[in-house]
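Engineer: After the structure tokens below, expect a handful of questions from me.
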Amino acid sequence: MLTFAALMLMQAVAPLPMPGTTAMPSDTALYADCVRAANEGVPGAIDAATQWKNGTGGVPARHCLGLAYMGANRPADAARAFEDAARVAEAQGNPAAVELYGQAGNALLLAGQYPRAETVLGNALVLAARRPALKGDLLIDRARAREAQNNALGARSDLEQAVEVASNNATGWLLLGALARREERLEPARTALATALRLAPGDPDVQVEAGNMAAMDGDYAKARALWSAAAKAAPDTPAGKAADLALLRNPQ
Numbered sequence: 507m508l509t510f511a512a513l514m515l516m517q518a519v520a521p522l523p524m525p526g527t528t529a530m531p532s533d534t535a536l537y538a539d540c541v542r543a544a545n546e547g548v549p550g551a552i553d554a555a556t557q558w559k560n561g562t563g564g565v566p567a568r569h570c571l572g573l574a575y576m577g578a579n580r581p582a583d584a585a586r587a588f589e590d591a592a593r594v595a596e597a598q599g600n601p602a603a604v605e606l607y608g609q610a611g612n613a614l615l616l617a618g619q620y621p622r623a624e625t626v627l628g629n630a631l632v633l634a635a636r637r638p639a640l641k642g643d644l645l646i647d648r649a650r651a652r653e654a655q656n657n658a659l660g661a662r663s664d665l666e667q668a669v670e671v672a673s674n675n676a677t678g679w680l681l682l683g684a685l686a687r688r689e690e691r692l693e694p695a696r697t698a699l700a701t702a703l704r705l706a707p708g709d710p711d712v713q714v715e716a717g718n719m720a721a722m723d724g725d726y727a728k729a730r731a732l733w734s735a736a737a738k739a740a741p742d743t744p745a746g747k748a749a750d751l752a753l754l755r756n757p758q
């Protein structure tokens, strides 16, 4: 059975558009090359990004350094680079600052630095006030940080806000339902998980958690169908393994 923490679906840390009015063609090319090297794990990617940052790289170099650290499985270092990029971007009035703070928060989650992740994601939320979809994602991420610190009430508040501002975000509904089910608030759990399943019927994480809810309601045929779908769709993932375990524990 999946716990809330097991449903922490880390968003991908991706390249960002270059700041449109200030980017020189040479910077754009350097950024593209740096991102490619970081994503491909090219030896020396961290050193190259650091050298660029220490020169004239600005926000793009700092962001690429974070990507290089992520590629080397060093999320704590990546978080520092992303946060550095975010601060510079914010000082420049660059709208990419909010995404950069968000990526720093995700890297901190991966590094297990939950209090710091909560703080950094709070910074991002201040900047995302007028961007509903992004605000929803950030609230979900901060809920993960709060739940990891055993702050279920704070996590619930963030998730409820997330599905209010981004009602089509299946992950928000999934995590809200998982938390409600774990707390044995069954009616809110049913509603949230039904919404998640409607929005993302083929998502293995949604299928597993909806199956768990069906089992709690005594509908084992529905539960097994959902678990079987998850196990088939994602056999080597945490969701697939959780589905296999649920099927093993609930034989026909």
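Its first residue numbered 507, the sequence shown is counted upward by one per residue in my numbering. Every residue, glycine too, gets a C-beta built ideally from N, C-alpha and C.
Within a Cβ cutoff of 6 Å, which residues of the same chain sit near L645, ignoring the five residues on either side of it in sequence?
Structural biologist: D664, Q667, A668
Engineer: As a quick exercise: from L753, A651, G563, pick the residue whose alpha carbon is nearest that of A735.
Structural biologist: L753
Engineer: What span of residues does the alpha helix (DSSP H) with R636 cover, start to end?
Structural biologist: Run containing R636: none; DSSP gives neither H nor E here.
Engineer: Between A584, A603, G550, which has its C-alpha nearest R637's C-alpha?
Structural biologist: Across the set A584, A603, G550, the C-alpha of A603 shows the shortest separation from the C-alpha of R637.
Engineer: Roughly how many angstroms separate the alpha carbons of Y575 and R755, rounded to a whole number?
Structural biologist: C-alpha of Y575 to C-alpha of R755: approximately 40 Å in a straight line.
Engineer: In this structure, does DSSP put R755 in helix, strand or coil?
Structural biologist: DSSP, reduced to helix, strand and coil, places R755 within a helical segment of the structure shown.
Engineer: Buried or exposed: where does G547 fall if 16 or more other Cβ atoms within 10 Å of its Cβ makes it buried?
Structural biologist: exposed
Engineer: Hey, how far is the Cα of F588 from the Cα of A630?
Structural biologist: 12 Å
Engineer: Using 8 Å as the threshold, is the C-beta distance between G572 and Q609 below it?
Structural biologist: yes
Engineer: Provide the residue span of the alpha helix (DSSP H) that contains T701, from first to last.
Structural biologist: 692 to 705
Engineer: If you follow the alpha helix (DSSP H) that G608 is part of, which residue opens it and which one closes it?
Structural biologist: 603 to 617
Engineer: For the putative contact between P633 and A676, defined by C-beta atoms under 8 Å, what is the C-beta separation to the nearest angstrom?
Structural biologist: The residue asked about is misnamed: residue 633 is Leu in this sequence, not Pro. Not really, about 24 Å apart at Cβ, beyond 8 Å.
Engineer: Look at the alpha carbon of G561 and the alpha carbon of A551, and state the distance between them as a whole number of angstroms.
Structural biologist: Their Cα atoms are separated by approximately 15 Å.
Engineer: Using alpha carbons as the reference points, say which of N612, A635, M719 lies closest to A649.
Structural biologist: N612
Engineer: Which term fits D553, buried or exposed, when burial requires 16 or more other beta carbons within 10 angstroms of its beta carbon?
Structural biologist: exposed
Engineer: Rounding to the nearest angstrom, what Cα-Cα distance links L627 and Y607 in this structure?
Structural biologist: 6 Å
Engineer: Using CA coordinates, which residue listed in K728, A658, A672, A737 is at the minimum distance from L685?
Structural biologist: A658
Engineer: Work out the CA separation of Q758 and T625 for me, nearest whole Å.
Structural biologist: 47 Å
Engineer: Cα-Cα, which of V714, L692, A740, A592 is closest to R730?
Structural biologist: V714
Engineer: For A721, is the classification buried or exposed, using 16 other Cβ atoms within 10 angstroms of its Cβ as the cut-off for buried?
Structural biologist: Flag for A721 reads buried.
Engineer: Since L639 and A672 are thought to touch, with beta carbons under 8 Å apart, how far apart are those beta carbons, to the nearest angstrom?
Structural biologist: The question names Leu, but residue 639 is Ala in the sequence shown. Yes, A639 and A672 are in contact; Cβ-Cβ is about 5 Å, under 8 Å.
Engineer: How big is the Cα-Cα spacing for A740 and A749?
Structural biologist: 9 Å
Engineer: If you drop the 5 nearest sequence neighbours on each side, which residues of the same chain put their C-beta closer than 6 Å to that of W558?
Structural biologist: Contacts found: A567.
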